[in-house]
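*Asks:* Structure in structure tokens, see below.
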Amino acid sequence: MVRIVLAVLMGLFVLVDVAPAFAQSPDTIVVAQAQKRRTLFDLLFGEEPAKPAPPVTQPQRAPRAKSPQASAPPPRVGVEKAADATRLAVFGDSLAIDLSKALERLYAEDANLVVINQGISSSGFVRDDFYDWNAALAEEIAADSFDLAVVIIGINDRQEIQADGQTLETLSAAWTSVYQARLANFLDQMRAARKPVIWVGLPPMAKTQYSAAISQIANIQRLASFSGGAEYLDIYERFLGEDGKFSSYGPDVNGQNAQMRKDDGIHFATAGSDKLAFYLSQTIRTFYRGGGVLNAVADPLVGTDAAAMLRPPFQGLGQTRLLEIAGAVIPISRVPVRADDLLLSTRVPVSPAFPLEALVSAPVGRADAFGVGQDPTQVTENPGER
Numbered sequence: 001m002v003r004i005v006l007a008v009l010m011g012l013f014v015l016v017d018v019a020p021a022f023a024q025s026p027d028t029i030v031v032a033q034a035q036k037r038r039t040l041f042d043l044l045f046g047e048e049p050a051k052p053a054p055p056v057t058q059p060q061r062a063p064r065a066k067s068p069q070a071s072a073p074p075p076r077v078g079v080e081k082a083a084d085a086t087r088l089a090v091f092g093d094s095l096a097i098d099l100s101k102a103l104e105r106l107y108a109e110d111a112n113l114v115v116i117n118q119g120i121s122s123s124g125f126v127r128d129d130f131y132d133w134n135a136a137l138a139e140e141i142a143a144d145s146f147d148l149a150v151v152i153i154g155i156n157d158r159q160e161i162q163a164d165g166q167t168l169e170t171l172s173a174a175w176t177s178v179y180q181a182r183l184a185n186f187l188d189q190m191r192a193a194r195k196p197v198i199w200v201g202l203p204p205m206a207k208t209q210y211s212a213a214i215s216q217i218a219n220i221q222r223l224a225s226f227s228g229g230a231e232y233l234d235i236y237e238r239f240l241g242e243d244g245k246f247s248s249y250g251p252d253v254n255g256q257n258a259q260m261r262k263d264d265g266i267h268f269a270t271a272g273s274d275k276l277a278f279y280l281s282q283t284i285r286t287f288y289r290g291g292g293v294l295n296a297v298a299d300p301l302v303g304t305d306a307a308a309m310l311r312p313p314f315q316g317l318g319q320t321r322l323l324e325i326a327g328a329v330i331p332i333s334r335v336p337v338r339a340d341d342l343l344l345s346t347r348v349p350v351s352p353a354f355p356l357e358a359l360v361s362a363p364v365g366r367a368d369a370f371g372v373g374q375d376p377t378q379v380t381e382n383p384g385e386r
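Residue 250 in the working numbering sits at position 250 of the sequence shown, and the numbers go up by one each step.
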């Protein structure tokens with residue numbers, strides 16, 4: 001009998017203990033499970049269980065007021081450009097795109113100069129199947145879309161050239177010959193159109209092998225610029241660190257240490273582009289004498305009878321050529337021009353004084369070798385490959 005009573009009591013205990021769980025919603029099951037489970041001893045002899053205390057709610061904190069942030073300086077507002085403003089076109093690859101933006105900031109308040117971005121990303125003089133710069137330049141010259149040209153290009157040119165159905169190895173003799181021919185064609189079009197050109201050299205790069213190849217390409221461009229009558233702006237040493245190696249940081253135009261190069265070790269950061277634009281502006285003054293820009297080179301013919309003469313913007317030798325016309329400098333390479341011949345002349349010859357091929361093949365030690373040249377003591381096994 002006792003066993004039967006105990007069995008009935010245990011059955012009642014199970015029903016009492018479990019039934020509330022089925023009646024509870026899913027949201028309250030967790031709370032029910034969290035309560036202390038009652039034993040059979042508590043059911044027979046214990047007190048009624050106390051009701052669980054209501055959950056303690058944490059007081060919600062009021063959102064912290066954000067501290068006012070310093071507002072960014074307002075962007076530089078440019079003036080409206082004049083209708084007859086000098087048109088400065090920037091040709092090249094992605095470096096040209098960044099440089100054109102920096103020049104726009106630099107000349108934003110100069111109404112007499114407008115910057116035209118002609119940069120094409122991933123372009124160069126090697127992959128003319130991707131973008132043919134010589135063909136594109138011919139169209140721009142035919143449209144007379146610019147007055148002064150700035151060129152910075154070459155970071156995509158460390159690759160093989162396809163020419164005459166052959167694949168030429170990068171920086172080989174045959175590769176260099178084709179590359180020089182394309183540069184010469186580009187600059188010859190500029191000279192024929194009387195468009196002043198400022199060719200900007202390439203900066204050092206982060207990766208050693210890549211930087212060495214880019215330096216060779218820049219050296220080819222330097223010789224081509226001299227031969228083609230363009231002003232060449234060498235910027236390599238201006239973006240080196242104090243140890244003479246590549247550095248991502250350096251002094252900006254205000255002398256403050258800033259990031260000059262982007263994380264890829266190739267492109268310029270904003271501060272670097274602005275610094276490059278500042279250096280470039282010093283050379284632009286040779287050709288551009290618009291409002292707000294001082295003359296970096298004094299014209300020796302100003303105030304004389306010859307000042308009204310039609311004088312094209314001589315390229316490559318800028319100040320020296322002007323002084324030569326004025327008679328202050330007599331070149332040792334040719335007989336000085338007579339005054340009457342100068343007054344009666346109808347055109348200025350555009351043929352380069354130093355052909356590019358002659359610069360490359362000049363023997364070491366000759367005045368026109370320009371640090372390249374060839375050693376006359378070396379015997380060339382196969383001269384036809386040059």
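Where is the CB? At the ideal position from N, CA and C, for every residue including glycine.
1. For a test of the three-state rule: what should DSSP assign to residue 246, helix, strand or coil?
2. Just mark residue 208 as buried or exposed, buried being the case when its beta carbon has 16 or more other beta carbons within 10 Å.
3. Straight-line CA distance for residue 388 to residue 87?
4. Determine the extent of the alpha helix (DSSP H) in which residue 180 is found, giving its start and end residues.
5. Runs of 3 residues minimum, wholly inside the segment 215-265: which ones carry the beta strand (DSSP E) assignment?
6. Drop a sphere of 10 angstroms on the beta-carbon of residue 261, count the other beta-carbons inside from all chains shown, and report buried for 16 or more, exposed for fewer.
7. Who are the near neighbours of residue 335 in its chain, counting only those whose CB is closer than 6 Å to its CB and skipping five residues on each side?
8. Among the residues of its own chain, which have a CB less than 8 Å from the CB of residue 236, if the five just before and after it don't count?
9. Taking 7 Å as the threshold (C-beta atoms), are residue 93 and residue 268 in contact?
10. Do you know how far the Cα of residue 164 is from the Cα of residue 271?
11. For residue 167, which beta-bridge partners are listed by DSSP?
12. Considering only their Cβ atoms, is the gap separating residue 160 from residue 170 smaller than 7 Å?
13. Measuring straight from C-alpha to C-alpha, what distance separates residue 148 and residue 130?
14. What residue does the beta strand (DSSP E) around residue 97 start on, and which one ends it?
15. What are the boundary residues of the beta strand (DSSP E) that includes residue 117?
16. Under a CB-based cut-off of 7 Å, is residue 205 close to chain C?
17. Which residue marks the beginning of the alpha helix (DSSP H) containing residue 152, and which one marks its end?
18. From residue 206 to residue 120, what distance separates their C-alpha atoms?
19. Return helix, strand or coil for residue 286, following the three-state DSSP convention.
20. Between residue 168 and the rest of its own chain, which residues show a CB-CB distance below 7 Å, the 5 nearest in sequence each way excluded?
21. For residue 137, which residues in the same chain have their Cβ closer than 8 Å to its Cβ, ignoring the five residues on either side in sequence?
22. Would you mind working out which of 141, 81, 276 sits nearest residue 114, comparing C-alpha positions?
23. Looking only at C-alpha atoms, which of 184, 125, 156 sits nearest to residue 226?
24. Within this structure, are the beta carbons of residue 126 and residue 199 separated by less than 7 Å?
25. Going by beta-carbon coordinates alone, are residue 277 and residue 103 separated by less than 7 Å?
26. Is it the case that the Cβ atoms of residue 85 and residue 117 are separated by a distance below 7 Å?
27. DSSP three-state label for residue 155, please.
28. Output needed for residue 101: all residues of its chain with C-beta closer than 8 Å, excluding positions within five of it in sequence on either side, in chain order.
29. If I measure Cβ to Cβ from residue 123 and keep anything under 6 Å in the same chain, skipping five residues before and after, which residues do I get?
30. From the DSSP output, read off the bridge partner residues of residue 199.
31. Reducing DSSP to helix, strand and coil, say where residue 142 ends up.
32. Return helix, strand or coil for residue 268, following the three-state DSSP convention.
33. Quick check on residue 196: buried or exposed, where buried means 16 or more other Cβ atoms within 10 Å of its Cβ?
34. Evaluate residue 68 with the Cβ neighbour count: other Cβ atoms within 10 Å of its Cβ, from every protein chain shown; 16 or more gives buried, anything less gives exposed.
35. Since I believe residue 134 is in contact with residue 182 (beta carbons under 8 Å), could you give me their beta-carbon distance rounded to a whole number of angstroms?
36. In the structure shown, what three-state DSSP assignment does residue 278 receive?
*Replies:* Put simply:
1. strand
2. exposed
3. Residue 388 is absent from the model: the chain starts at 1 and stops at 386.
4. 173-192
5. 231-233, 249-251, 257-259
6. buried
7. A caution first: residue 335 carries a pLDDT of 44, below 50, which makes its placement in the model too unreliable to give a value.
8. 201, 202, 203, 204, 215, 218
9. no
10. 43 Å
11. 162
12. yes
13. 25 Å
14. First-last for residue 97: 94-106, but that is the alpha helix (DSSP H), not the beta strand (DSSP E).
15. 113-119
16. Of the chains in the structure shown, none is chain C; there is only one protein chain.
17. Segment 148-152 is the beta strand (DSSP E) holding residue 152; no alpha helix (DSSP H) there.
18. 23 Å
19. coil
20. 160, 161, 174, 175, 178
21. 91, 186, 189, 190
22. 81
23. 184
24. no
25. yes
26. no
27. coil
28. 117, 273
29. 93, 131
30. 151, 232
31. helix
32. strand
33. buried
34. In this prediction, residue 68 scores a pLDDT of 40, lower than 50, which makes its location untrustworthy; the coordinate-derived value is nonetheless stated afterwards. Exposed, since its Cβ has fewer than 16 Cβ neighbours within 10 Å.
35. 6 Å
36. helix
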